[in-house]
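The next block holds one structure in the form of structure tokens; read it before the comments.
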Amino acid sequence: MDFGYSLSKSSTMKIENLENSKFKALAKLEPDATKCIGCGCCTASCSAGVFADMSLRQILLSLQRDCQDKYLPMLQNCMLCGKCMLVCPRGINTRHLILSICKIYGIEQ
Amino acid sequence: MAENIIIIGGGPCGLEAAKTLRDLGYAPIILEKKQELGGHLRKWDRLFPEGVQAKQVLKELTSGLKGIEWHTSVDIETIEKSRKGYTVTLSTGVSYNSPALLLTNGFKLFPAEKKEEYGYGIYDKVITNADLEQYFAKGKDNVIKKPKTIGFVHCVGSRDEKVGNRQCSKVCCATAVKQACEMKELFPDATIYSFYMDLRLFGRNYEDMYLTAQKKYGIRYIRGRVSEVSEDIDGSLIVKAEDTLLCKPLRLKIDLLVLMTGIVPENSSASLAQQLNIELGEDGFYKPKDTILEPCMAENNGLFMAGACTGPKTIPETLSEARAAAVQIHNYLNKSWISGIL
Amino acid sequence: MIKEGKVKIWSDYQKEIPDDHWFYVRSCIRQNFFPAAEVTFLKILREELGKDIYETPRHTTCGGIAYHLECIPQETQMTIIARQFALMTEAGYENYTCSCVTSFGLYSETLETWHEMPEVEAKIRENLWKSCRMEFKVPKYLAHTSDLFYKFRNDISAKAKYRLVNKETGEPLKVVEHIGCHYAKMFPSKGVGGAEYPYVLAGMAESWGGNIIDYPERRHCCGYGFRQYHVKANRGYSLSNSYKKFESMEPYHPDMIITNCPGCHYFMDRWQYVIAEQTRKTYGQNGYGIPVFTYEEVAGLTLGYNPWDLGLQTHQVAVEPLLDKIGIEYNASEKYLGTGGKLICTPEFPMSIKCC
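Taken in sequence, the protein lines are chains A, B and C. The numbering of the first sequence is my numbering, which starts it at 15 and goes up by one. The numbering of the second sequence is my numbering, which starts it at 36 and goes up by one. The numbering of the third sequence is my numbering, which starts it at 227 and goes up by one.
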């Protein structure tokens, strides 16, 4: 029956029985993947991010929460210029990390 | 004969101050309301950042008390100020006189049950940082049974105007990082989440602890305050928060939740302040004469204060203040005797 | 779950509820949806407990729905409330009780506003004088009507003919209690048991023989939320909130839901049909829903009142399986008879959720 309204999809991330083997694989390959402190320097100075969506900070978090589908396409905007690597206060090799994410999550660069 | 100096509070601060005063030639008297000396240190297992055993520090502080008089289970009835200094009378009728008085009555941990929405004392699997230290010390607990998912909640009773505490408790972030790593050592298969508002890792080597927690132990830090906890049918807990860096609400099912209870003024502070005419800050801690230049001195003559009774502090900070206060008492008495005030 | 912890909180949040002499105001919507709830409230207080409770046909809405939908300003809404207080003062009462949780929230909010800002109260007094030539005293005590039944729960229990117990097994029924948001979420100290673990309905259910279920989404709103339901574009959110609650309570297999708020009774009852239509899912046993009751209806049932006199035939979710479980006698053929024994009509039964 059409009531003209229906159940809304919950926006809550449910973190239980989280099967996160991909992120584990990434962390093994890139131990620095867990080091991000969410400062946002990468996004702020991103050459691509000024014109298109690109935020490595958000991508990294979404991978940990296993809600990456919406975030992964951003990687295609990356130009691998390396500016983020230059500004990262935690010294993360972001270019290498981005390439590893693409490899593990099957994103074409 | 050596002059008596009364110290109210026999925790790390009182003990260290007493020793310094003794070494300066005084006869300190420690008055402690609890049954034993040592304060909160007695409840702790290891101390950040290196994980030194609290027992070890406690042993160091409570040994070599020669020349120091101390009384435990003490109940102070009145404190009177005279031209000659202070007279403290206990409920047993015994009085002590001292030309100067040192307050080191410390702090208390925020009573976690006041944050009703977290269900401490209602949901079995909600414990506090102090409970966890007891578990570390004893190695057993009725609730902690091979947890697979563990949550830490920062700022419980801190930075929370709803419970009347606007202040940051300063030491809980470092404690939470330490405890999360210790849990991961004990339960390597567990996933550990830490819910924080800001991580305030201010001291030397503390940032390294955080980095180790992230990189070596894989602790997952979620920026967002836990809003509500409930119990599921299987006895596990359901935690609600927002991942504020992803801007998404989040629901997490866990086996154990540790509340990082903050530091609030000790109950006796308000009544001591009233008797001694000390001003209290909005946070309920004693206001010193000058927060920068005279943090250990009260407005009134001959009254000194040190340690966590003037705000949250780490143990090394407390010990430094204890020594500083002792030296200031010494200087004050020398000046007063020379000028004939006392 | 550590019961002592809850008992401690319950003892911290007790409010003073006078024993007698109340001025009573009704809810706007309850009489339509659960038509005998308020009548039963008055009947139990007056006839069973011998209390003095006064109501006047001159009282109106509190303005709550219009206020929450931003159709009237707060000043207007406060003046409406001031007029109600004037009626109470005129009738010589000091204790004010209202049937609706939205009203209770508004009365609490208004009294608090006047307490904090006496100049607002002065302005409202002026408004009321100009518009109605009336004057008022603020009530000495304000209570929601569920507070009164909470206070008298053991007196009701002492007179009860039935208990909330499965007659076959002797086991207490599993009861979900749902508290209206505006009962204590705004002012925790004004509600019995506070906001996180309210005791007002839990106390009644325990006293009458039931066992309370504490399920993860217990504190969640029923979803009515005025602007959710009344604006059709948002109505899905309203439905989704109730859905979230049903999904959360489902594993506990509750026998019944008791609520203390007009919107909550209505939506928790009617949405079960809508959810069944949209998802084919039902939450009771054998294709039925979980019956939803007002606390007055439950009190009436335990006292042995005829279920059809309590208006239970107007519920969407069939109550008969529960009546059978408790062993309450009823005559199925009289379900849809009006006064004088005349058949009013028989409703059309949905296919998605079983009804009687």
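Ideal Cβ placement from N, Cα and C applies to all residues, glycine included. Computed from a predicted model, the values in this text were never measured in an experiment.
Within-8 Å CB hit, residue i to chain A
i, result
"C:L390", "no"
"B:G253", "yes"
"B:Q380", "Because chain B in this structure spans residues 36 to 377, residue 380 of chain B falls outside the shown range and cannot be described."
"B:R235", "no"
Distance, residue j Cα to residue i Cα
i, j, result
"B:G186", "A:E30", "12 Å"
"C:T395", "C:G553", "12 Å"
"B:K119", "B:S371", "11 Å"
"C:I375", "B:R194", "Ile is not the amino acid found at residue 375 of chain C; the sequence shown has Phe there. One C-alpha to the other measures close to 39 Å."
"C:G442", "B:D267", "For the sequence presented, residue 442 of chain C should be read as Pro rather than Gly. Rounded to whole angstroms, C:P442 to B:D267 spans 6 Å at the Cα level."
"B:L50", "B:Y241", "26 Å"
"A:L111", "A:K84", "19 Å"
"B:F339", "B:D233", "33 Å"
"B:A343", "B:K143", "9 Å"
"B:I350", "B:K213", "15 Å"
"B:E148", "B:Y158", "11 Å"
"B:L287", "C:W534", "45 Å"
"C:E403", "C:N437", "10 Å"
"B:P7", "B:P47", "Because residue 7 of chain B is not part of the residues shown, which for chain B are 36 to 377, the question remains open."
"B:T184", "C:E555", "50 Å"
"B:M332", "B:L167", "35 Å"
"B:L66", "B:A341", "15 Å"
"C:L295", "B:T345", "49 Å"
"C:Y463", "C:G406", "17 Å"
"B:K101", "B:A89", "22 Å"
First through last residue of the beta strand (DSSP E) which encompasses residue i
i, result
"B:D278", "L272 to D278"
"B:M340", "L338 to M340"
"C:N321", "N321 to C324"
"B:L292", "L291 to T296"
"B:W105", "E104 to H106"
"B:V123", "G120 to L125"
"B:H75", "Taken as a continuous stretch (DSSP letters only), B:H75 belongs to no beta strand (DSSP E), as it is neither H nor E."
"B:E115", "I111 to S117"
"C:F493", "Per DSSP, C:F493 belongs to no beta strand (DSSP E); it is in the alpha helix (DSSP H), P488 to T505."
"B:A62", "A62 to L66"
Interface flag, residue i vs chain B, CB-CB below 8 Å
i, result
"C:I279", "no"
"A:G18", "no"
"A:P87", "no"
"A:Q90", "no"
"C:Y367", "no"
"A:T26", "yes"
Short CB-CB distance (under 8 Å) between residue i and chain C
i, result
"B:I268", "yes"
"B:I313", "no"
"B:Y158", "yes"
"A:S4", "For chain A, the structure presents residues 15 to 123; residue 4 of chain A sits outside this window and is missing."
"B:E196", "no"
"B:E152", "yes"
"A:M15", "yes"
Delimiting residues of the alpha helix (DSSP H) encompassing residue i
i, result
"C:N353", "P344 to C358"
"C:N258", "R256 to F259"
"C:M314", "Q300 to A317"
"B:H365", "I350 to S374"
"B:L328", "First-last for B:L328: undefined, no H or E at that position."
"B:L56", "P47 to D58"
"A:T108", "T108 to Y119"
> What residues in the stretch 501–513 of chain C bring their beta carbon closer than 8 Å to a beta carbon of chain A?
Replying inline: Contact residues of the stretch 501–513 of chain C toward chain A are I501, E503, Q504 and T505 (C-beta to C-beta distance below 8 Å).
>> I'd like the ranges of any beta strand (DSSP E) spanning at least 3 consecutive residues and lying wholly in the stretch 212–258 of chain B.
In response: The stretch 212–258 of chain B is shown to contain whole beta strand (DSSP E) runs of 3 or more residues at 226–231 and 255–258, in chain order.
> Residues in the stretch 436–460 of chain C with C-beta within 7 Å of chain A's C-beta atoms, listed in sequence order?
Replying inline: Those residues of the stretch 436–460 of chain C that come within reach of chain A (Cβ to Cβ, closer than 7 Å) are K458.
>> If the cut-off is 7 Å on Cβ atoms, which residues from the stretch 460–475 of chain C count as contacting chain A, listed in chain order?
In response: Within the stretch 460–475 of chain C, the residues whose Cβ lies closer than 7 Å to some Cβ of chain A are R461, G462, Y463, L465, S466 and Y469, listed in chain order.
> Which ranges does the beta strand (DSSP E) cover as unbroken runs of at least 3 residues, wholly within the stretch 134–209 of chain B, from first to last along the chain?
Replying inline: DSSP runs (the beta strand (DSSP E)) wholly in the stretch 134–209 of chain B: 136–138, 142–144, 161–163 and 184–191.
>> I'd like the ranges of any alpha helix (DSSP H) spanning at least 4 consecutive residues and lying wholly in the stretch 374–436 of chain C.
In response: With a minimum length of 4 residues, the unbroken runs of alpha helix (DSSP H) contained wholly in the stretch 374–436 of chain C fall at 379–385, 407–410 and 426–433.
> In chain order, which beta strand (DSSP E) runs of at least 3 residues are fully inside the stretch 243–288 of chain C?
Replying inline: Taking only runs of at least 3 residues, the beta strand (DSSP E) segments lying wholly in the stretch 243–288 of chain C are 248–251.
> Which residues, in chain order, does the stretch 95–107 of chain A contribute to contact with chain B at a C-beta distance below 9 Å?
Replying inline: Per Cβ criterion, the list reads R104.
> For the stretch 217–228 of chain B, which residues have a CB atom closer than 9 Å to at least one CB atom of chain A, in sequence order?
Replying inline: Result list: T226 and Y228.
> the stretch 475–491 of chain C: which residues have C-beta closer than 9 Å to a C-beta of chain B, in chain order?
Replying inline: Against chain B - using a Cβ distance shorter than 9 Å - the residues of the stretch 475–491 of chain C are P477 and Y478.
> Could you give the uninterrupted runs of the alpha helix (DSSP H) lying entirely in the stretch 442–486 of chain C, keeping only those of 4 residues or more?
Replying inline: For the stretch 442–486 of chain C, whole alpha helix (DSSP H) runs of length 4 or above, ordered along the chain, are 461–475.
> What residues in the stretch 408–424 of chain C have a beta carbon less than 9 Å from any beta carbon of chain B?
Replying inline: For the stretch 408–424 of chain C, which is checked against every Cβ of chain B, the residues closer than 9 Å are P414, G420, A421, E422 and Y423.
> Taking Cβ-Cβ distances below 8 Å as the criterion, which residues of the stretch 262–288 of chain B are in contact with chain C?
Replying inline: Within the stretch 262–288 of chain B, the residues whose Cβ lies closer than 8 Å to some Cβ of chain C are E263, S265, E266, D267, I268 and I273, listed in chain order.
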